[in-house]
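Trainee: Dumping the structure here so I can ask a few things about it.
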Amino acid sequence: MSRHPAYKRCYRGQAVRRSGKTTVLYQAAAHLMDTGVAPEHILFLNFDDPAINAAPLDEILASIYKISPDISHIFLDEIQQKEGWERWVRTLYDTKRFSRIFLSGSSASLLTQDIGRVLSGRHITFEVTPFSFTEYLEKRGWDNFESGYLIYNREKILYYQKAYLEEGGFPETIGMDEFNRKKILTSLYNDIIARDISARFGASYEIVA
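Going by this note's numbering, the first residue of the sequence shown is number 1347, and it counts up by one from there.
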């Protein structure tokens, strides 16, 4: 995100669940502080938090104005969980209350055609994906990617490739024991089917799965 033009005030991150999206937002907040933005000017709201998710959007905004009028950068994680979030964000943008707005979500509700109708030309999209095979190897401690070394260690590469295909590139599950890894991946699969695809398209879990 730090490479994107500063004149764009709205950044939209979309990702599959548990791919490291929230971590990227924290990194973006840290980058802002490194470049001179005071911590008290940054607000992070995670709509996975039941207390935040239960509050009406207008009430959240009023609380922000009341508690900290100096907030200039706002992060809205899992914003898609709130009904009517698109026009609420559009209002935040149009009133120019914040210098930058960061949105993220792992649901199909953040599809380009939907938010594009509300924030057309006003936002930059960044994708957060699970680890590539190279990143997976790095996470497992591999630090030499010279072609000769890779060829020499072909059997080990094939071993890790098989493990990567079985485990996937989700940061949380790399190196985890098989029992817990399968529990997390099964839960992740069910969440994507039930909470994202089914909810998005109004189809039953049984049909989608």
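Glycine is no exception: its CB is placed at the ideal position from the N, C-alpha and C atoms.
Could you name the residues of the same chain whose beta carbon sits closer than 7 Å to that of G1451, not counting the 5 residues immediately before and after it, in chain order?
Mentor: Contacts found: Q1360, E1424, I1425, Q1426.
Trainee: Taking the beta carbon of H1350 as the centre, do at least 16 other beta carbons fall within 10 Å, making it buried, or is it exposed?
Mentor: In this prediction, H1350 scores a pLDDT of 48, lower than 50, which makes its location untrustworthy; the coordinate-derived value is nonetheless stated afterwards. Exposed: under 16 other Cβ atoms inside 10 Å.
Trainee: To which residues of the same chain is S1418 closer than 8 Å at the C-beta, ignoring the five residues directly before and after it?
Mentor: V1383, H1387, I1388, F1444, S1445, R1446, listed in sequence order.
Trainee: Between K1528 and Q1373, what straight-line distance do the alpha-carbon atoms span, to the nearest angstrom?
Mentor: Cα to Cα, the separation comes out at about 28 Å.
Trainee: By the 10 Å Cβ neighbour count, where 16 or more other Cβ atoms means buried, how is L1504 classified, buried or exposed?
Mentor: When all chains shown are included, L1504 counts as exposed.
Trainee: Given a threshold of 16 other Cβ atoms within 10 Å of its Cβ, counted over all protein chains shown, does G1430 qualify as buried or as exposed?
Mentor: It is exposed - the Cβ of G1430 has fewer than 16 other Cβ atoms within 10 Å.
Trainee: Tell me, which residues are paired with G1580 by DSSP?
Mentor: With the chain covering 1347 to 1555 only, the question about residue 1580 has no answer from this structure.
Trainee: Quick check on DSSP: helix, strand or coil for R1486?
Mentor: Coil, per DSSP.
Trainee: What residue from W1488, F1477, R1355 has the CA that sits closest to G1366's CA?
Mentor: G1366 has its Cα closest to that of F1477, out of W1488, F1477, R1355.
Trainee: Roughly how many angstroms separate the alpha carbons of I1538 and D1394, rounded to a whole number?
Mentor: In a straight line, the C-alpha of I1538 is about 15 Å away from that of D1394.
Trainee: Does DSSP put T1471 in a helix, a strand or coil?
Mentor: T1471: strand per DSSP, three-state reduction.
Trainee: Do F1302 and L1496 have their C-beta atoms within less than 7 Å of each other?
Mentor: Absent from the model: residue 1302. The displayed extent of the chain is 1347 to 1555, so no value can be given.
Trainee: Out of G1514, P1396, E1524, N1526, state which residue places its alpha-carbon closest to the alpha-carbon of V1362.
Mentor: Ranking G1514, P1396, E1524, N1526 by Cα distance to V1362 puts G1514 first.
Trainee: Since W1434 contacts L1403 with CB under 8 Å, what's their CB separation in whole angstroms?
Mentor: Indeed, because the Cβ distance is near 5 Å, the residues count as touching under 8 Å.
Trainee: Count the other CB atoms within 10 Å of the CB of L1449; is the residue buried (16 or more) or exposed (fewer)?
Mentor: By the 10 Å Cβ count, L1449 comes out buried.
Trainee: If you draw a straight line from the C-alpha of S1493 to the C-alpha of E1518, how long is it?
Mentor: Going from the Cα of S1493 to the Cα of E1518 covers about 29 Å.
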